[in-house]
Amino acid sequence: MRLFKTLALLCLLATAPLAPAAEIIIASSHDTPALQRFVSDLAARRPDDHVQFMHPSQLSTPSAMPSDSRLILLGATALDWRLSDPGGPPTLVMQISRVQAHKRLGDQRPALLTLLWSDPAPARQLRLVRQLLPQARRVGLLYSDDSRFLVNELRHQAAAQGLAISAWYWPDNGDSRPLNRLLDESDVLLGVDDPALYNPRSIKGVLLASYSRKLALIGPTAAFIRAGSLSSSYSDQQDWLDDLDRLLALPPGQWPREAYPDNFKVLSNAQVARSLGIELSDDHDQAQRLQDWESDQ
Amino acid sequence: MAVPLRISLAPLLGALTTGAALAEDLFLAPSTLPEVLTATRLQQAPAAVPGSVSVLDSALIRASGARSLPELLRLVPGMLVVPQNGNSTTVNYHGSSANQARRLQVLVDGRSVYRAGFAQVDWNDIPVAIEDIERIEVFRGPNTVSYGANALMAVINILTRAPRDSHGTRLKATQGERGISDWYASHGHGWQGGDLRLSLSGQQDDGFDHKADGSDFRDGQRLSRLNLRVSQELDASQSLDWQLALKEGSNQIDNHYQPVFPIAAQPWEQDGDSDVRARDYAGSLRWNLDLDPSHSLYVQGNLQQWERLRQWRACEGQLAFSPELGQLWALSPQYVEQLGQNLQTGNFMPPAGTSEQVALATRVLQQAFATLNPSQGTLAHSCGLINEDVRESRFDLEIQDTLSLSDNLRLVSGLRYQHDRADSDVYLDGRRSRDTWSLFSQFEWHIDSHWLLQGGAMLEDDNATSPSLSPRLALNYLITPAHGLRVVYSEAVRSPDMFENHADWQYPVRDLHPAALGQSQARYFASAHGPGNLEQERMRSRELGYNGRFADLGLSLDLKLFYDEIDNLISEPLKVYDFMPSNDNRLHLKGAEGELDWRLGLQDRLRLGYAYIEFDATHRIDRRLTPRHSGSAGWLRDWGHDWSSSLFYYGADSLNQYRFERVDLRLAKRLRLGSGQLELAGVLQQRLDDEPLGWPNNNYDERRVFWISAGLEL
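Protein sequences, first through last, are from chains Z and W. Residue numbering for the first sequence follows the UniProt record's numbering, beginning at 1 and increasing consecutively. Residue numbering for the second sequence follows the UniProt record's numbering, beginning at 1 and increasing consecutively.
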């Protein structure tokens with residue numbers, strides 16, 4: 001695997017100088033200072049390309065756009081615009097979660113579209129469970145109608161890491177029974193980025209119920225760490241820029257149909273760890289250990 | 001104070017929490033999520049606790065098969081559970097007297113169920129169903145600093161399941177040998193911002209089977225309970241939690257009154273039994289306020305009423321109702337004893353004494369002659385109603401403030417007021433009350449990643465004894481967050497109860513038939529009075545301990561060495577014929593304890609507890625209870641396909657002078673019913689010893705008992 005990656009990197013280096021300058025269009029329905037900064041940072045990374053931001057309403061139909069341009073779409077609304085037309089330039093879709101994409105596409109992966117998942121990679125999160133809680137074997141997983149499709153994938157990935165998924169369907173946040181039954185048969189709770197399950201209204205109940213049993217929540221995203229989740233991997237702008245830079249250097253034909261970011265960090269809640277008696281090395285070290293593990297795979 | 005706190009907490013999660021960084025990073029959206037596990041809500045890790053704590057979690061409680069709280073406590077090392085009979089049990093930690101268990105604090109969701117009037121915990125009457133308990137935390141050691149007087153030797157903290165975690169319907173029925181018949185029904189429901197749990201339950205059994213002399217032991221119990229717990233979020237930072245608990249039942253007691261005079265009473269003249277009707281009512285209201293993530297407080301008020309109603313008809317020689325004999329007893333019980341001894345030996349002369357004593361004794365002897373039946377050698381008797389009704393009530397109000405000054409320094413402070421009232425014609429000649437104020441504060445300071453210093457004190461003052469200050473200081477060395485060594489020094493007190501200190505014990509007897517010496521109601525001659533000047537019992541405790549969790553192995557371990565000294569100990573048994581409580585005794589306890597909880601893979605869990613105790617007691621009554629070796633061992637296994645089993649062993653080499661060994665086996669099968677489940681379980685208890693349980697009368701016909709239960713969760 002490592003050999004393959006090295007070869008891929010060599011190919012990339014060999015092709016990079018030959019890659020012609022490209023028109024890169026970033027589209028998002030929300031224009032914010034943070035977005036502008038992202039656009040300018042990407043432009044700085046790609047001095048030979050022409051990077052510009054456009055609101056979807058300013059864009060013509062995808063098919064009408066130059067086929068040698070590159071589209072970078074941010075968010076589900078921009079994806080909806082793109083899905084209205086099967087033609088168009090090669091497109092990288094960011095800030096889209098597995099659940100959001102599944103609602104729109106099911107298992108389909110349209111050509112010319114590369115989905116870059118915003119939610120943490122499940123294998124990475126499971127590995128984080130192993131790193132932080134080596135004794136945990138039964139990983140509790142809640143799922144809703146929207147996230148049901150993830151269960152089997154998680155089961156396989158967990159089994160590969162010596163973990164067992166215990167999954168409970170939780171269709172109604174107002175009914176705590178599935179949550180409590182799940183916690184009764186789990187050593188740790190793994191959150192998936194499904195707003196039907198984990199949202200500002202439900203998170204208090206989830207965290208108090210798991211904490212009362214001294215069980216940690218891993219994930220669903222770094223945004224939940226402050227609320228009381230123990231730890232999660234995440235990718236910030238720097239990580240995404242590194243990933244984008246790598247992909248944009250490749251001919252679009254080599255882009256994967258979907259991918260989790262290669263670059264990531266870890267964020268943990270030290271106070272929660274201390275209360276649970278969990279030895280926590282610093283987040284940088286946790287991320288490094290995950291990266292080492294992924295390199296070995 | 002809130003402003004510097006916010007600043008100190010800002011670095012909690014680094015750049016992610018600061019607005020500037022969020023504005024710069026497109027992929028770290030500002031969070032709209034509430035901070036749930038705040039610095040004030042988080043609890044200490046086991047290795048950082050300033051003492052030893054046993055936790056009985058819901059899985060363990062269920063697996064134990066226990067039907068009562070005291071039976072559960074057998075799992076806690078050093079906890080000595082001794083039934084007085086089938087419906088009354090005492091629980092002591094390490095030692096003192098099996099007759100009384102005055103030195104533990106017991107709380108149900110923060111409400112003390114320790115009866116201050118009579119210094120006892122009526123375990124079987126606590127209005128809480130085992131099925132409603134989420135966990136029991138037992139702080140093994142003095143903790144007056146946190147819980148006030150009476151948390152002298154240990155604190156048992158019973159936490160019921162939050163309404164939020166109790167949704168749905170649960171039904172359970174239990175039937176078995178020895179008249180076991182229990183039931184439980186609860187329903188939980190949630191709405192926007194609120195949750196409710198209503199539980200109804202009942203329990204019944206026949207108690208022990210026979211006394212030491214082989215006669216039937218009438219000591220069964222029957223009870224029913226109602227519990228309502230409601231929580232309501234008022235807004236993002238405030239919530240209310242209120243509870244109602246009602247318990248009603250009857251505890252069987254034989255009419256075991258033994259006349260002191262020779263009489264020839266017929267069985268139909270008196271009641272065969274003298275059952276206690278026991279009712280407990282409690283209500284509590286708690287207001288939680290999160291001022292900010294590092295500062296929270298709560299105010300909790302509790303109102304409770306205990307009723308023990310007992311009235312029965314008994315017979316006694318009419319001479320017992322002689323006012324002169326009563327006066328003579330009040331002057332000198334010893335003189336009356338001497339008079340009695342003279343009578344038994346056929347000496348009908350008053351013993352030597354003061355002229356008043358001799359004059360009274362002469363009058364009593366005349367009364368004796370007048371009621372004597374020379375042919376039978378008995379005295380004329382009368383039968384009347386004795387009423388031992390006791391009503392106690394308590395109102396208490398506590399405000400507790402938790403302030404996290406920084407990531408490494410937390411303060412918990414509070415103020416508490418308690419008003420206790422006891423009402424008993426027999427024991428207190430009416431009503432007594434007591435007001436108690438306490439002020440407490442403790443700090444928790446993580447000096448660095450290894451050293452943790454915790455200290456605090458409680459100042460307590462009531463209108464019956466002098467004020468007391470109970471300090472505690474603990475130093476933990478955390479080898480890692482999961483492994484800690486600790487050195488703890490603490491002091492604690494127990495206030496004498498109203499009865500010990502201010503008893504006004506006398507028996508007014510009503511409806512005497514026939515009239516006794518011309519009286520249809522009269523006072524029984526013997527009486528007793530509390531000394532009124534008893535001081536608090538004082539304990540000094542030293543503990544050296546280790547707590548560790550080996551995450552790789554799934555093993556948690558707690559070890560401790562202890563040396564406790566209790567001085568000013570009130571040991572004397574309290575009898576109406578012999579009522580002389582004093583602060584003259586002491587009890588020293590030392591030993592070692594260990595507790596292990598080991599999850600071996602997914603299927604198995606082992607749990608071991610062991611206590612080795614040596615003691616030195618000045619009063620004989622404190623030398624009976626403590627076993628040198630005691631402990632428990634449990635093996636919980638999940639066999640797959642929804643079958644599970646648990647096997648527990650409990651043993652003590654000499655529990656109140658009797659060997660105790662028992663094995664409990666529970667086998668359960670769970671059946672999935674859609675989203676619900678049905679659990680069928682059988683429990684077999686097998687005694688391995690062949691001795692009474694704690695006291696000579698506590699005997700079963702069979703060493704084995706079996707019961708089954710069916711529990712439905714929907």
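Virtual Cβ for every residue (Gly too), placed ideally from N, Cα, C.
Who are the near neighbours of residue i in its chain, counting only those whose CB is closer than 6 Å to its CB and skipping five residues on each side?
{"i": "Leu415 (chain W)", "result": "Ile399 and Leu439"}
{"i": "Arg164 (chain W)", "result": "Asp195"}
{"i": "Leu559 (chain W)", "result": "Tyr546 and Gly594"}
{"i": "Thr626 (chain W)", "result": "Gly95, Ile613 and Phe615"}
{"i": "Glu444 (chain W)", "result": "Arg410 and Gln454"}
{"i": "Ala22 (chain Z)", "result": "Asp49 and Arg70"}
{"i": "Leu226 (chain W)", "result": "Leu200 and Leu246"}
{"i": "Ser468 (chain W)", "result": "Glu460, Val493 and Gln536"}
{"i": "Tyr489 (chain W)", "result": "Leu473 and Arg542"}
By how many angstroms is the C-alpha of residue j removed from the C-alpha of residue i?
{"i": "Trp170 (chain Z)", "j": "Lys204 (chain Z)", "result": "16 Å"}
{"i": "Asp462 (chain W)", "j": "Trp437 (chain W)", "result": "6 Å"}
{"i": "Pro293 (chain W)", "j": "Ser413 (chain W)", "result": "17 Å"}
{"i": "Gln521 (chain W)", "j": "Leu152 (chain W)", "result": "43 Å"}
{"i": "Ser232 (chain Z)", "j": "Pro471 (chain W)", "result": "42 Å"}
{"i": "Phe395 (chain W)", "j": "Arg421 (chain W)", "result": "9 Å"}
{"i": "Val155 (chain W)", "j": "Gly141 (chain W)", "result": "7 Å"}
{"i": "Asp552 (chain W)", "j": "Leu596 (chain W)", "result": "15 Å"}
{"i": "Leu428 (chain W)", "j": "Trp505 (chain W)", "result": "6 Å"}
{"i": "Leu80 (chain W)", "j": "Ile263 (chain W)", "result": "41 Å"}
{"i": "Ser54 (chain W)", "j": "Val138 (chain W)", "result": "5 Å"}
{"i": "His269 (chain Z)", "j": "Asp242 (chain Z)", "result": "This sequence places Asn at residue 269 (chain Z); His is not what is there. The straight-line gap from Cα to Cα measures roughly 26 Å."}
{"i": "Asn699 (chain W)", "j": "Val336 (chain W)", "result": "37 Å"}
{"i": "Val705 (chain W)", "j": "Ser231 (chain W)", "result": "40 Å"}
{"i": "Arg363 (chain W)", "j": "Leu574 (chain W)", "result": "30 Å"}
Which residues in chain A have a C-beta closer than 7 Å to the C-beta of residue i? List them in chain order.
{"i": "Phe27 (chain W)", "result": "Absent here is chain A; the protein component of the structure consists of chains Z and W."}
Take residue i and list the residues in its own chain whose beta-carbon comes closer than 8 Å to its own, dropping the five residues that flank it on each side.
{"i": "Leu22 (chain W)", "result": "Legend: pLDDT at Leu22 (chain W) = 47, less than 50; position of this residue unreliable, value from coordinates given subsequently. Taken in chain order, the residues that qualify are Leu16, Leu28, Ala29 and Pro30."}
{"i": "Asp642 (chain W)", "result": "Lys669, Arg670, Leu671 and Arg672"}
Quick one: grab the DSSP three-state call for residue i.
{"i": "Thr77 (chain Z)", "result": "helix"}
{"i": "Thr371 (chain W)", "result": "helix"}
{"i": "Gln43 (chain W)", "result": "coil"}
{"i": "Leu75 (chain W)", "result": "coil"}
{"i": "Gln157 (chain Z)", "result": "helix"}
{"i": "Leu555 (chain W)", "result": "strand"}
{"i": "Thr362 (chain W)", "result": "helix"}
{"i": "Ile61 (chain W)", "result": "helix"}
{"i": "His94 (chain W)", "result": "coil"}
{"i": "Ile130 (chain W)", "result": "helix"}
Quick one, are the C-beta atoms of residue i and residue j less than 8 Å apart?
{"i": "Arg218 (chain W)", "j": "Asp182 (chain W)", "result": "no"}
{"i": "Arg434 (chain W)", "j": "Ala116 (chain W)", "result": "yes"}
{"i": "Ser645 (chain W)", "j": "Thr174 (chain W)", "result": "no"}
{"i": "Ile570 (chain W)", "j": "Ser582 (chain W)", "result": "yes"}
{"i": "Ile126 (chain W)", "j": "Leu56 (chain W)", "result": "no"}
{"i": "Thr144 (chain W)", "j": "Ala492 (chain W)", "result": "yes"}
{"i": "Leu228 (chain W)", "j": "Leu198 (chain W)", "result": "yes"}
{"i": "Arg103 (chain W)", "j": "Arg431 (chain W)", "result": "no"}
{"i": "Glu324 (chain W)", "j": "Leu360 (chain W)", "result": "yes"}
{"i": "Ala278 (chain W)", "j": "Gln318 (chain W)", "result": "no"}
{"i": "residue 298 (chain Z)", "j": "Glu24 (chain W)", "result": "The structure shown does not extend to residue 298 (chain Z), since chain Z is modelled only from 1 through 297, so no value can be given for it."}
If I'm right that residue i touches residue j with Cβ under 8 Å, what's the distance once you round it to whole angstroms?
{"i": "Gln305 (chain W)", "j": "Ser284 (chain W)", "result": "The pair is not a contact, with the Cβ atoms about 13 Å apart (cut-off 8 Å)."}
{"i": "Gly168 (chain W)", "j": "Gly174 (chain Z)", "result": "Not a contact, Cβ separation roughly 12 Å."}
{"i": "Val426 (chain W)", "j": "Tyr507 (chain W)", "result": "6 Å"}
{"i": "Arg310 (chain W)", "j": "Asp271 (chain W)", "result": "At roughly 11 Å, the Cβ-Cβ gap does not stay under 8 Å, so Arg310 (chain W) and Asp271 (chain W) are not in contact."}
{"i": "Ala320 (chain W)", "j": "Phe525 (chain W)", "result": "5 Å"}
Less than 7 Å between C-beta atoms, sequence neighbours within five positions excluded: which residues of the same chain meet that for residue i?
{"i": "Gly87 (chain Z)", "result": "Pro62 and Ser63"}
{"i": "Asn152 (chain Z)", "result": "none"}
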